[in-house]
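Below: one structure, written as structure tokens.
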Amino acid sequence: MALLRGFGRTDVEPVLETDRLALRPPEAADYASWAAIRRESRAFLQPWEPLWPVDDLTRMGYRRRLKRIQKDQREGTAFTFLLFLRTGRTGDVLGGITLGNIRRGVAQSGSLGYWMGERHAGQGYMGEAVDAVLAFAFADLDLHRVEAACLPANEVSRMLLLRRGFTWEGHARQYLKIAGEWRDHHLFARLASDDPRGTA
Numbered sequence: 001m002a003l004l005r006g007f008g009r010t011d012v013e014p015v016l017e018t019d020r021l022a023l024r025p026p027e028a029a030d031y032a033s034w035a036a037i038r039r040e041s042r043a044f045l046q047p048w049e050p051l052w053p054v055d056d057l058t059r060m061g062y063r064r065r066l067k068r069i070q071k072d073q074r075e076g077t078a079f080t081f082l083l084f085l086r087t088g089r090t091g092d093v094l095g096g097i098t099l100g101n102i103r104r105g106v107a108q109s110g111s112l113g114y115w116m117g118e119r120h121a122g123q124g125y126m127g128e129a130v131d132a133v134l135a136f137a138f139a140d141l142d143l144h145r146v147e148a149a150c151l152p153a154n155e156v157s158r159m160l161l162l163r164r165g166f167t168w169e170g171h172a173r174q175y176l177k178i179a180g181e182w183r184d185h186h187l188f189a190r191l192a193s194d195d196p197r198g199t200a
């Protein structure tokens, strides 16, 4: 379950909690842990992500990323969270999740994206994180719809979305540029009114 602390205040950032995880926006002090898990997971992550900038893992690249994340949060167009264990070595980044492309007006929707460090994959952490962010999206941001996309070959991501109550909605040709190539994606969505127990 997601617990939101102080979201209504501009001086407090949202913190979400699950049984095992704490999710919060990235901070400057997270650089070393973030860069380490991304570096060691490079081969694991790069087939599923856009091309990494040349300076992606540098401190300067991280500062640019942080500025963009903070700007998006101030404007309410995206919320990015890093995943940490609530107990033990809580300073170590496990992965990340973003609720982005938030559209208001008649849409009231957003898009979900996520990544997990290789050594933390397969332990159910991302399922907990997705549940927490969906609760945040529907209860705190009052969104109607959250969308997600994954490569057809990414069976792990497809099953995660189905188990979190997402519905497969179609196949989009050359939807996103991944690893330097325009790639087809499967599209999924979850509505605020959908059964969270999923179909898988």
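Counting from 1, position 161 in the sequence shown corresponds to residue 161 in the UniProt record's numbering; the numbering is continuous, with no gaps.
Every residue, glycine too, gets a C-beta built ideally from N, C-alpha and C.
Since we're looking at a predicted model, the values are computed, not measured.
Exercise for the section: Sort out for me which residues DSSP pairs residue 84 with in a bridge. Expected result: Taking the first residue of the sequence shown as 1, we reach residue 84 at position 84. Residue pairing from DSSP places residue 84 in a beta bridge opposite 22.
Exercise for the section: Can you tell me which of 168, 139 and 84 puts its alpha carbon nearest to the alpha carbon of residue 193? Expected result: Locating residue 193 in the sequence shown gives position 193, counting from the first residue. Answer by Cα proximity: 139.
Practice task
Give me whichever residues DSSP pairs with residue 186 in a beta bridge.
Solution key: Here residue 186 is taken as the residue at index 186 of the sequence shown, counted from 1. Checking the DSSP bridge columns, you'll see residue 186 partnered with 150 and 171.
Handout entry: Under 9 Å between C-beta atoms of residue 134 and residue 146
Key = The residue you call residue 134 lines up with position 134 of the sequence shown. The residue you call residue 146 lines up with position 146 of the sequence shown. Yes, they are a contact pair.
Practice task
Quick one: measure Cβ to Cβ for residue 129 and residue 21, integer angstroms, because I've assumed they're closer than 8 Å.
Solution key: Here residue 129 is taken as the residue at index 129 of the sequence shown, counted from 1. Here residue 21 is taken as the residue at index 21 of the sequence shown, counted from 1. The Cβ separation is near 6 Å, so the contact holds.
Handout entry: For residue 34, the first and last residue of its enclosing alpha helix (DSSP H)
Key = Mapped onto the sequence shown, residue 34 falls at position 34. Residues 31-40.
Practice task
Tell me, to the nearest whole angstrom, how far the beta carbon of residue 78 is from that of residue 100; I am working on the premise that it is less than 8 Å.
Solution key: Here residue 78 corresponds to residue number 78 of the sequence shown, with the count starting at 1. Here residue 100 corresponds to residue number 100 of the sequence shown, with the count starting at 1. Sure, about 4 Å apart at Cβ, within 8 Å.
Exercise for the section: Evaluate residue 170 with the Cβ neighbour count: other Cβ atoms within 10 Å of its Cβ, from every protein chain shown; 16 or more gives buried, anything less gives exposed. Expected result: Here residue 170 is taken as the residue at index 170 of the sequence shown, counted from 1. Under a 10 Å Cβ-count criterion, residue 170 is classified as exposed, with fewer than 16 other Cβ atoms of the shown protein chains found around its own Cβ.
Problem - Contact check, residue 25 vs residue 83, beta carbons under 9 Å - result: Within the sequence shown, the letter at position 25 stands for residue 25. Within the sequence shown, the letter at position 83 stands for residue 83. Taking a C-beta distance under 9 Å as the contact criterion, residue 25 and residue 83 do not qualify as a contact pair.
Practice task
Closer than 7 Å by C-beta to residue 126: which residues in its own chain qualify, once you throw out the five before and the five after it? Chain order, please.
Solution key: Position 126 of the sequence shown, counted from the first residue, corresponds to residue 126. Annotation for residue 126: 95, 114, 116 and 160 place their beta carbon closer than 7 Å to its own, counting only its chain and skipping 5 residues before and after.
Handout entry: CA-to-CA distance, residue 175 to residue 69, given in whole angstroms
Key = To locate residue 69, count along the sequence shown from 1; it is residue 69. To locate residue 175, count along the sequence shown from 1; it is residue 175. Distance between the alpha carbons of residue 69 and residue 175: 23 Å.
Exercise for the section: Given a cut-off of 9 Å, decide if residue 111 and residue 148 are closer than it, judged by their beta-carbon atoms. Expected result: Position 148 of the sequence shown, counting from 1, holds the residue named residue 148. Position 111 of the sequence shown, counting from 1, holds the residue named residue 111. Against a cut-off of 9 Å, the Cβ pair of residue 111 and residue 148 comes out as a contact.
Exercise for the section: Within 10 angstroms of the Cβ of residue 54, are there 16 or more other Cβ atoms? Answer buried if so, exposed if not. Expected result: Position 54 of the sequence shown holds residue 54. Counting Cβ neighbours within 10 Å, residue 54 comes out exposed, since fewer than 16 surround it.
Problem - Three-state secondary structure assigned by DSSP to residue 117 - result: Here the question's residue 117 lines up with position 117 in the sequence shown. Three-state result, residue 117: coil.
Handout entry: For residue 67, the residue or residues it bridges with in DSSP
Key = Within the sequence shown, numbered from 1, the residue matching residue 67 stands at position 67. Bridge partners of residue 67: none, in fact.
Practice task
Pick out whichever of 33, 132, 142 and 178 has its Cα sitting closest to the Cα of residue 154.
Solution key: For the purposes of this step, residue 154 is taken as the residue at position 154 of the sequence shown. Checking every option, the nearest Cα to that of residue 154 belongs to 178.
Practice task
Would you decide whether residue 34 is buried or exposed? Buried here means 16 or more other CB atoms lie within 10 Å of its CB.
Solution key: What you label residue 34 is simply residue 34 of the sequence shown in a count that begins at 1. Classification for residue 34: buried.
Practice task
Let me know the secondary structure DSSP gives residue 10 once reduced to three states.
Solution key: In the sequence shown, the residue the question calls residue 10 occupies position 10. Since pLDDT at residue 10 reaches only 36, below the 50 mark, its modelled position is unreliable, and the value read off the structure follows with that caveat. Annotated three-state conformation of residue 10 is coil, per DSSP.
Practice task
List the endpoints of the continuous beta strand (DSSP E) containing residue 76.
Solution key: Working through the sequence shown from its first residue, we reach residue 76 at position 76. Note, residue 76: premise wrong, no beta strand (DSSP E); not H, not E.
Practice task
Output the distance between the C-alpha atoms of residue 103 and residue 120, rounded to the nearest integer angstrom.
Solution key: As a position in the sequence shown, residue 103 is number 103, starting the count at 1. As a position in the sequence shown, residue 120 is number 120, starting the count at 1. Going by the C-alpha atoms only, they are around 32 Å apart.
Exercise for the section: Pull up the distance between the alpha-carbon of residue 15 and that of residue 136, whole angstroms please. Expected result: On the sequence shown, residue 15 is found 15 positions in, with the first residue counted as 1. On the sequence shown, residue 136 is found 136 positions in, with the first residue counted as 1. Counting only the Cα atoms, residue 136 lies some 10 Å from residue 15.
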